[in-house]
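Enquirer: I'd like to ask some things about the structure below.
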Amino acid sequence: YRRSVSGGSELVIISGASGSGKSLLVYESRKHVLAGGGIILSGKFDQLQQGTPFSAFASAFDVYCGTLLEDSGPSSIVGELASNLRSSLGRDVHHLTKLIPNLAIILGPATSPINRNEDCDNAQKRLQY
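All letters in the sequence shown, in the order written, are residues 17 to 145 by the working numbering.
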């Protein structure tokens, strides 16, 4: 936490047995992170979503994208984010929009869909890299 407050970016992944207090830890940490101007994303692995790759990450980023849309209104922040994602990921950004529906809203209609005949193995390989 201190390194991120000093200007760095940090990622924390919390895991453990059910009932061990992971959600409470995130909830209590949230207060401090938000007070320091940070962003906190949280997602839970759902056993019913085992067939969906990266379901916890996708859920966390979908909520975050929804929050960006609600909080920004007609802001250039969302437009800048969309532009940066399109230029960084190119066509591959479409795969993320399948996992993160609110990202598709941020990117808007300019996101070109992939060839529907593209096989699932190639799509999955793209998400792994």
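Each residue gets a CB set at the ideal place from its N, CA and C atoms; glycine is no exception.
Just so it is clear, the structure is predicted and the values come from calculations on it, not from any experiment.
Would DSSP call residue 87 helix, strand or coil?
Expert: Helix at residue 87.
Enquirer: Buried or exposed for residue 119, please, with buried defined as at least 16 other CB atoms from any protein chain shown within 10 angstroms of its CB.
Expert: Its Cβ being crowded by 16 or more others within 10 Å, residue 119 is buried.
Enquirer: Is residue 116 buried or exposed, if buried means 16 or more other CB atoms sit within 10 Å of its CB?
Expert: Under this definition residue 116 is a buried residue.
Enquirer: Which residue comes first and which comes last in the alpha helix (DSSP H) that contains residue 123?
Expert: Where residue 123 is concerned, the enclosing alpha helix (DSSP H) stretches over 117–123.
Enquirer: If we ignore side chains and look at the alpha-carbon of each, how far apart do residue 84 and residue 20 end up?
Expert: C-alpha separation (whole angstroms): 21 Å.
Enquirer: Using beta-carbon positions only, say whether residue 103 and residue 94 come within less than 8 Å of one another.
Expert: Taking 8 Å as the Cβ cut-off, residue 103 and residue 94 do not qualify as a contacting pair.
Enquirer: Taking the C-alpha atoms as reference points, what is the distance between residue 86 and residue 79?
Expert: Cα-Cα distance, rounded: 11 Å.
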